[in-house]
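Engineer: So that we are looking at the same thing, I have put the structure below in structure tokens.
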Amino acid sequence: MEIECVGVVGAGTMGNGIAHVFARSGHSVVLCDVEQRFLDRGMETVRKNLEREFVKNKITAEEKAAAVERILPTVDRARLASCNFVVEAATEKFVVKAELFRDLDRICRPEVILSSNTSSISITRLAALTGRPDKVIGMHFFNPVPVMKLVEVIRGLATSNETYQTVRELALQLEKTPVEVNDAPGFVSNRVLMPLLNEAMFAVMEGVATAEAVDEVFKLGMAHPMGPLALADFIGLDVCLDIMRVLQDGFGDPKYRPCPLLIKMVDAGRLGKKSGRGFYQY
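Letter 221 of the sequence shown, counting from 1, is numbered 232 in the working numbering, and no numbers are missing.
Okay, here's the thing in structure tokens:
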């Protein structure tokens with residue numbers, strides 16, 4: 012199936028980035044969210060990021076304008092019925108995604124592939140909520156979406172080879188590098204990354220070192236471009252906590268227990284860069 016119109020559900024950090032790359036590659040995009048203010052904020056980010064690409068001579072002024080024109084922001088989820096591929100990029104909570112997938116299954120034509128940008132939640136569980144489990148797949152982009160090349164393509168238990176090949180080709184059209192993984196809590200990226208970030212938080216909580224010292228060790232000793240605590244702030248401490256809880260619930264292993272300091276910071280509203288304060292101030 013030729014995919015011309017793509018639906019993106021969620022206009023936040025990941026959703027507006029996904030809309031950006033699809034529009035830039037020539038696809039029409041229906042960008043849907045629950046409130047107009049979220050759409051306005053998302054479209055402003057898209058414009059800023061396209062302008063940045065223009066300044067760097069990656070796109071022309073005409074390409075920049077055309078990409079913005081290809082995105083239709085809407086609060087009316089029914090507009091997704093015109094799409095022939097959908098990416099869900101809502102908050103990282105199963106109950107939210109479950110409601111969306113039930114509704115998308117009702118709205119979208121039976122042949123339409125439904126994908127999730129989830130960074131940890133089971134594709135198999137989401138697929139089971141629909142009447143098309145063979146057409147449900149994970150398409151996990153990385154932040155910032157316009158820059159990062161990796162896309163984890165996650166097969167659920169029922170995902171068909173045809174669905175996988177379609178999504179793989181779509182990622183290549185976006186000039187991304189698709190990597191195939193099977194469904195498991197956290198997939199590959201966050202199953203490995205999040206315990207690292209969590210352990211760095213334990214080191215700070217236990218007074219082993221300051222956040223700055225922990226990050227310096229990783230930047231200088233392990234050649235990481237960003238230390239684990241700065242990265243956690245960038246991802247969002249609330250997102251880190253959600254993923255750790257998915258890992259803990261999914262594996263039932265105490266090694267995935269979220270650091271108490273992480274829980275306390277999220278409870279205090281210190282979510283990282285997006286709230287102005289996490290392990291660092293912004």
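Using N, Cα and C, we set each Cβ at its ideal position, and we do this for glycine too.
In this text the structure is predicted, and so the values were computed from the model without any measurement.
Give the straight-line distance between the Cα atoms of Arg-90 and Cys-119, rounded to the nearest whole angstrom.
Structural biologist: For the purposes of this step, residue 90 is taken as residue 79 along the sequence shown, with counting starting at 1. For the purposes of this step, residue 119 is taken as residue 108 along the sequence shown, with counting starting at 1. Approximately 10 Å, taken between the alpha carbons.
Engineer: When the distance is taken between beta carbons, is Ala-169 closer than 8 Å to Pro-196?
Structural biologist: Taking the first residue of the sequence shown as position 1, residue 196 is located at position 185. Taking the first residue of the sequence shown as position 1, residue 169 is located at position 158. Going by C-beta atoms, Pro-196 is not nearer than 8 Å to Ala-169.
Engineer: Between the alpha carbons of Val-41 and Arg-88, how many angstroms are there, rounded?
Structural biologist: As a first step, residue 41 must be located in the sequence shown, where it is residue number 30. As a first step, residue 88 must be located in the sequence shown, where it is residue number 77. Computed Cα separation, rounded: 9 Å.
Engineer: To the nearest angstrom, report how far apart Glu-14 and Cys-270 are at their CA atoms.
Structural biologist: Looking up residue 14 in the sequence shown gives position 3. Looking up residue 270 in the sequence shown gives position 259. Residue identity differs from the one stated: residue 14 is Ile in this sequence, not Glu. Computed Cα separation, rounded: 43 Å.
Engineer: Between Ala-77 and Ala-214, what straight-line distance do the alpha-carbon atoms span, to the nearest angstrom?
Structural biologist: Here the question's residue 77 lines up with position 66 in the sequence shown. Here the question's residue 214 lines up with position 203 in the sequence shown. Rounded to whole angstroms, Ala-77 to Ala-214 spans 48 Å at the Cα level.
Engineer: Note down, in chain order, each residue of its chain lying with its Cβ closer than 7 Å to the Cβ of Met-25, except the 5 sequence neighbours on either side.
Structural biologist: For the purposes of this step, residue 25 is taken as the residue at position 14 of the sequence shown. The residues are Ala-100, Asn-128, Phe-152, Asn-154, Val-156.
Engineer: Assuming Leu-50 and Val-79 are in contact, meaning their beta carbons sit under 8 Å apart, how far apart are those beta carbons, in whole angstroms?
Structural biologist: One-based indexing of the sequence shown puts residue 50 at position 39. One-based indexing of the sequence shown puts residue 79 at position 68. Actually they are not in contact, since the Cβ atoms of Leu-50 and Val-79 sit about 13 Å apart, beyond 8 Å.
Engineer: Considering only C-alpha positions, which residue in the set Lys-285, Gly-287, Val-19 is nearest to Met-150?
Structural biologist: What you label residue 150 is simply residue 139 of the sequence shown in a count that begins at 1. The shortest Cα separation from Met-150 among Lys-285, Gly-287, Val-19 belongs to Val-19.
Engineer: For the alpha helix (DSSP H) holding Cys-251, just list the boundary residues, first then last.
Structural biologist: The residue labelled residue 251 in the question sits at position 240 within the sequence shown. 248 to 262 is the extent of the alpha helix (DSSP H) around Cys-251.
Engineer: Closest by CA to Ile-274, which one among Arg-288, Lys-284, Asp-253?
Structural biologist: Working through the sequence shown from its first residue, we reach residue 274 at position 263. Out of Arg-288, Lys-284, Asp-253, Asp-253 has the C-alpha closest to the C-alpha of Ile-274.
Engineer: Contact between the region 207 to 223 and the region 240 to 253 is defined here as three or more beta-carbon pairs at a separation below 8 Å; is this criterion met?
Structural biologist: yes
Engineer: In whole angstroms, what is the alpha-carbon distance linking Asn-27 and Arg-52?
Structural biologist: Indexing the sequence shown from 1 puts residue 27 at position 16. Indexing the sequence shown from 1 puts residue 52 at position 41. Arg-52 has its alpha-carbon roughly 9 Å from the corresponding atom of Asn-27.
Engineer: Quick one: Cα of Val-106 to Cα of Phe-229, how far?
Structural biologist: Here residue 106 corresponds to residue number 95 of the sequence shown, with the count starting at 1. Here residue 229 corresponds to residue number 218 of the sequence shown, with the count starting at 1. Answer to the nearest angstrom: the Cα atoms are 35 Å apart.
Engineer: Just to confirm the assignment, what range does the alpha helix (DSSP H) spanning Phe-229 have?
Structural biologist: On the sequence shown, position 218 is the one that residue 229 refers to. Looking at the DSSP string, the run of the alpha helix (DSSP H) that includes Phe-229 is 222 to 232.
Engineer: For Tyr-293, count the other beta carbons within 10 Å of its own beta carbon; 16 or more makes it buried, fewer makes it exposed. Which is it?
Structural biologist: As a working mapping, residue 293 is identified with position 282 in the sequence shown. It is exposed - the Cβ of Tyr-293 has fewer than 16 other Cβ atoms within 10 Å.
Engineer: Taking all protein chains shown into account, do 16 or more other C-beta atoms lie within 10 angstroms of the C-beta of Thr-71, making it buried, or fewer, making it exposed?
Structural biologist: Taking the first residue of the sequence shown as position 1, residue 71 is located at position 60. Here Thr-71 is exposed. Its C-beta has fewer than 16 other C-beta atoms within 10 Å.
Engineer: Keeping to the same chain, check which residues put their C-beta closer than 8 Å to that of Lys-294; ignore five residues upstream and five downstream.
Structural biologist: The shown model of the chain, from 12 to 293, leaves out residue 294, and the question about it has no answer.
Engineer: Who pairs with Pro-189 in a beta bridge, going by DSSP?
Structural biologist: Residue numbering aside, residue 189 sits at position 178 when the sequence shown is read from its first letter. Val-162, per the DSSP bridge assignment.
Engineer: Give me the Cα-Cα distance between Val-57 and Ala-30, rounded to the nearest whole angstrom.
Structural biologist: Translated into the one-based positions of the sequence shown, residue 57 becomes position 46. Translated into the one-based positions of the sequence shown, residue 30 becomes position 19. So the alpha carbons of these two residues sit roughly 8 Å apart.
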